[in-house]
Structure formats: structure tokens, C-alpha cells
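In my numbering, the protein residues as written are 374 to 651.
Next comes the structure, spelled out in C-alpha cells:
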């Protein structure tokens with residue numbers, strides 16, 4: 374176990390999300406992170422604002438985390454992505470079918486963040502922000518009866534490895550009210566914003582998926598894909614499924630599924646350049 378380090382954190386951040394109520398059951402949690410500072414920050418934030426989350430043990434490596442998960446049987450694991458003896462994904466793979474929720478904790482590793490998004494999982498950036506911690510815990514509570522599947526962990530790990538090898542993931546996880554869907558990226562026709570949710574239209578599937586994340590998340594997630602482009606504040610499209618561009622009515626796309634998608638003026642020039650490159 375590493376020696377304690379002094380640390381400074383701005384505890385004045387307002388906490389707008391508070392989980393505790395008389396009806397809220399206590400969740401047992403463990404922390405697995407090789408940085409002592411992360412343990413101390415997280416414990417302090419939980420003690421201050423989330424007394425219904427009880428930290429029962431702390432580990433500092435993948436192997437220690439495995440032993441604690443087996444011994445403690447936690448409801449929730451705060452799990453670092455990268456540790457000296459492996460990754461958080463390694464821990465989950467060795468666990469088999471984890472019977473607990475996970476909130477990943479990661480430094481500014483873009484590969485890890487994007488991989489976790491592709492798995493539709495939860496993560497917090499270091500240094501941990503109190504408000505974002507509260508939001509993540511609310512999401513965990515909302516999905517308390519629906520733990521992530523081993524396939525989600527594997528997809529996220531697969532994406533992590535692909536990003537590290539300068540490759541783009543070929544599959545993504547979509548979480549909806551009905552359940553968890555695993556979707557080939559190249560089958561996605563378009564994303565359409567609908568308030569705080571996003572409609573995802575998929576080739577060969579009549580019914581759209583309604584994802585419980587906003588369009589901005591997908592715009593960020595797909596920014597490295599050459600065949601995906603935001604063409605309107607409400608639309609992100611797969612250029613492989615564009616049938617034609619019409620100059621009528623200010624400009625719009627006709628997709629191969631027959632849908633017409635408006636094109637904003639600020640995206641028009643880039644769109645025509647990218648379509649011309651196809």
C-alpha cells in the first residue's frame with residue numbers, strides 16, 4: 374500500500390445532487406485505485422454528501438481489488454482504469470460476471486474515456502468533481518436492478534485496446550429503457566436529437582433505438598470517424614448512407630432509408646467537401 378500523500382482539493386464546489394433519503398438503502402462500496410489521493414478525495418466527498426454509500430475496503434492494485442471484490446461482495450466498485458499490474462478491465466474480465474456496479478475513475482486518458490463511452494458505462498475524471506460524482510451515483514441508483522453485462526465490459530476493453538492501436542471500434546453499446554443493445558458502428562444510419570435522448574436509426578432495423586444520452590455525447594464519441602458528421606444541431610449522420618444532397622429548401626440530405634435530414638448553413642461547406650471525397 375502506498376504511503377499517504379498530502380493533497381489539496383477545492384471542497385467549496387456546490388453539490389447539486391444529493392442521493393440520501395430515508396427510503397434510500399445503503400450501498401456497500403470498495404475503491405480500487407493505485408493513487409492514495411484518489412482514495413482520500415473520494416472518501417471525503419462521500420462522507421460529506423452521500424452517507425448512503427459506505428466504503429468497506431480500499432485496494433491499490435488489480436490483484437488486491439480481485440481479493441476485495443470476492444471478500445466484500447460490494448454493490449459498487451470505484452475502479453481505476455490504469456494500475457501498475459493491469460487495468461480495471463483486466464479486473465472485470467478475471468471476475469467473470471461481476472455482480473456489482475462500476476464507476477470507473479480515470480485520469481485524462483482519452484482512449485480510456487472513449488472506450489468507456491462505447492461500453493455505455495460510467496466514469497469520473499480525476500480530480501473527482503463532487504457534482505459529477507453525484508450525477509454518476511444517481512445513474513447507478515436508477516440502474517440498480519440492471520447491472521452492466523460482461524459483454525459491455527468486454528466491448529469497452531476491446532475499444533480501449535483498439536484506440537491504443539490507433540484503430541476505431543467496430544461496435545458500440547446502446548443503453549435504452551428496454552435493455553442493452555450491441556450495435557455494429559457501420560450499420561448506424563443516423564442519430565437524431567430528441568431533447569435529452571437520442572434516436573438511433575440502424576440499417577436493417579425497423580424500430581429506432583432511443584438512447585438515454587444526448588446527441589452531443591455521440592458527436593464527441595464519433596469525431597474520429599471519417600464517415601460520421603454532424604450536419605445540423607439535431608443530426609449526426611453516417612455519410613455512407615447518404616443517397617443524395619439536395620440544394621432545395623436551403624439544402625438537405627436524402628438518406629438511403631428515405632429520411633430527409635436538414636443541413637445547417639455552418640456545416641454545408643464541410644459536408645460538400647467530405648461528400649466530394651467519397
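Note that beta-carbon positions come from the ideal geometry of N, C-alpha and C, so glycine has one too.
- For residue 523, the three-state secondary structure derived from DSSP is helix.
- Counting only runs of 3 or more residues that sit fully inside the segment 392-475, the beta strand (DSSP E) segments are 400-405, 426-432 and 449-453, in chain order.
- A check of alpha carbon separations from residue 458 across 571, 407 and 641 identifies 407 as the nearest.
- With contacts defined by Cβ atoms closer than 8 Å, residue 558 and residue 545 form a contacting pair.
- The DSSP-derived three-state label of residue 633 is strand.
- In this structure, DSSP gives residue 618 an extended state, which the three-state scheme calls strand.
- Look at residue 477 here: in three-state DSSP terms it is strand.
- Here DSSP, grouped into helix, strand and coil, assigns residue 613 to helix.
- Here residue 604 really is in contact with residue 626; their C-beta atoms are around 7 Å apart, less than 8 Å.
- Unbroken beta strand (DSSP E) runs of no fewer than 3 residues, entirely contained in the segment 585-609, are found at 601-605, following chain order.
- Between residue 480 and residue 466, the alpha-carbon positions lie close to 21 Å from each other.
- Sequence-distant partners of residue 437 (beyond 5 residues in either direction) whose C-beta falls short of 8 Å from its own C-beta, in its chain, are 405.
- Put simply, of 629, 484, 622 and 463 the residue whose alpha carbon is nearest the alpha carbon of residue 641 is 622.
- Within the DSSP bridge table, the entry for residue 547 names 554 as partners.
- The shortest CA-to-CA distance from residue 429 to any of 439, 471 and 402 is the one to 402.
- Residues of the same chain with a CB within less than 7 Å of the CB of residue 616, apart from the 5 flanking positions on each side, are 627, 628 and 629 in chain order.
- By the Cβ neighbour-count rule, residue 513 is buried, with 16 or more other Cβ atoms within 10 Å of its own.
- The C-alpha of residue 451 lies about 7 Å from the C-alpha of residue 478.
- When secondary structure is reduced to three states using DSSP, residue 541 falls in the coil class, being assigned neither helix nor strand.
- Your pair residue 575 and residue 556 checks out as a contact, with CB atoms roughly 6 Å apart and the cut at 8 Å.
- Between residue 598 and residue 533, the gap from beta carbon to beta carbon reaches 8 Å or more.
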